[in-house]
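One point on numbering: in numbering that gives the first Met the number 0, the residue at position 196 of the sequence shown is 195, and numbering is uninterrupted.
Each residue gets a CB set at the ideal place from its N, CA and C atoms; glycine is no exception.
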Amino acid sequence: MMGKPEDIVLLDENGYRIDGRKKYELRKIHMEVGVLKNADGSAYVEWGKNKILAAVYGPREIHPKHLQRPDRAILRVRYNMAPFSVEERKKPGPDRRSVEISKVIRGALEPAVILQLFPRTAVDVFIEVLQADAGTRVAGIAAASLALADAGIPMKDLVAACAAGKIEGEIVLDLNKEEDNYGEADVPVAIMPLKNDITLLQMDGYLSKEEFNEAVKLAIKGAKAVYQKQREALRDKYLRIAQEVGE
Numbered sequence: 000m001m002g003k004p005e006d007i008v009l010l011d012e013n014g015y016r017i018d019g020r021k022k023y024e025l026r027k028i029h030m031e032v033g034v035l036k037n038a039d040g041s042a043y044v045e046w047g048k049n050k051i052l053a054a055v056y057g058p059r060e061i062h063p064k065h066l067q068r069p070d071r072a073i074l075r076v077r078y079n080m081a082p083f084s085v086e087e088r089k090k091p092g093p094d095r096r097s098v099e100i101s102k103v104i105r106g107a108l109e110p111a112v113i114l115q116l117f118p119r120t121a122v123d124v125f126i127e128v129l130q131a132d133a134g135t136r137v138a139g140i141a142a143a144s145l146a147l148a149d150a151g152i153p154m155k156d157l158v159a160a161c162a163a164g165k166i167e168g169e170i171v172l173d174l175n176k177e178e179d180n181y182g183e184a185d186v187p188v189a190i191m192p193l194k195n196d197i198t199l200l201q202m203d204g205y206l207s208k209e210e211f212n213e214a215v216k217l218a219i220k221g222a223k224a225v226y227q228k229q230r231e232a233l234r235d236k237y238l239r240i241a242q243e244v245g246e
């Protein structure tokens with residue numbers, strides 16, 4: 000969060016945000032699965048101006064073997080932002096933020112994946128941010144969850160995610176880049192909707208207890224809307240396959 004320039008109005012007197020949305024509106028979301036032939040599972044997500052590709056490989060043998068777990072598979076997640084994904088060209092390769100977000104996403108996904116079925120193996124998840132516009136971790140979680148499902152990895156549920164935050168003193172859903180940069184707080188949340196289990200809860204900024212509770216409830220509501228879009232993306236793929244087989 001940084002100091003806001005005077006000419007930027009994040010929320011006007013009519014309740015409209017800088018991109019024309021109302022307080023509780025999601026950005027436009029588009030999802031596809033099965034977009035990469037060489038991966039075991041894959042997904043592509045456009046969320047606002049974010050463009051994110053996820054690929055899953057495995058379960059497969061781990062090398063070196065001392066990393067193997069005799070009772071379960073290990074989930075490995077690599078989150079990476081392409082050098083051209085942001086306005087100021089990013090230095091290629093992993094940085095501290097990418098390593099941190101990789102761990103955060105792995106922690107959000109692990110409760111959903113039934114790793115005990117594949118001892119001594121690894122499931123690798125690669126998340127590439129092609130274009131970034133705030134909220135890449137929640138969009139990355141949604142894409143990775145879809146890619147895992149597309150790969151046929153057994154899961155208790157899809158993991159859906161969304162963020163809420165605070166701008167101009169108001170709690171809003173799904174912050175964009177300007178709101179993330181100049182707002183007062185950001186609360187990303189990931190859930191397994193079938194049981195209402197929260198697998199990720201973070202906060203950047205300052206909120207009162209009441210504001211925090213409101214933000215979490217709003218983020219969960221947004222994540223449930225994302226979950227429906229994930230289900231639709233999977234259904235569309237299998238309807239398409241069924242049509243091709245029928246032809």
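Item                                                                                                  : Value
Per DSSP, the bridge partner or partners of Gly-164                                                   : Val-171 and Asp-185
For Ala-142 and Ala-224, believed in contact at Cβ under 8 Å, the rounded distance                    : Actually they do not touch by this definition, with Cβ atoms about 16 Å apart.
Cβ-based neighbour list, Gln-130, same chain, cut-off 7 Å, excluding 5 preceding and 5 following      : Lys-48, Asn-49, Lys-50 and Ser-84
CA-to-CA distance, Pro-82 to Val-128, given in whole angstroms                                        : 9 Å
Pick from Asn-180, Thr-135 and Gly-182 that is closest to Ala-160, judged by C-alpha positions        : Thr-135
Rounded distance between the beta-carbons of Asp-156 and Val-55, thought under 8 Å                    : Not confirmed; about 16 Å, so no contact.
Range of the contiguous alpha helix (DSSP H) that encloses Ser-144                                    : 135-149
Secondary structure of Pro-58, DSSP reduced to three states                                           : strand
Start-to-end residues for the alpha helix (DSSP H) that takes in Gly-40                               : Unbroken run through Gly-40 is the beta strand (DSSP E), 40-46; no alpha helix (DSSP H).
Proximity below 7 Å, CB of Asp-185 to CB of Gly-168                                                   : no
Three-pair Cβ contact test at 8 Å for the region 219-236 versus the region 18-30                      : yes
Cβ contact check for the region 113-122 and the region 183-203: 3 or more pairs under 8 Å             : no
Endpoints, the alpha helix (DSSP H) within which Leu-108 is located                                   : 95-108
Counted within 10 angstroms of its Cβ, other Cβ atoms place Asn-175 as buried (16 or more) or exposed : buried
Range covered by the beta strand (DSSP E) that runs through Ala-121                                   : 120-130
The region 94-114 contacting the region 32-48, beta-carbon criterion three pairs below 8 Å            : no
Helix, strand or coil at Ile-113 [DSSP, three-state]                                                  : coil
Cβ distance (whole Å) where Ile-28 is taken to contact Arg-77 below 8 Å                               : So it is not a contact: roughly 23 Å between Cβ atoms.
Beta-carbon proximity of Ile-104 to Gly-139, cut-off 7 Å                                              : yes
Candidates Ala-232, Ile-166 and Ile-7: closest to Ala-148 by CA position                              : Ala-232
Alpha carbon of Thr-198 to alpha carbon of Gly-106, nearest angstrom                                  : 7 Å
Test item: CB-CB of Gln-201 and Pro-187 under 7 Å                                                     : yes
Assigned exposure category for Gly-164 - 16 Cβ within 10 Å defines buried                             : buried
Cα-Cα separation, Tyr-226 to Val-158                                                                  : 8 Å
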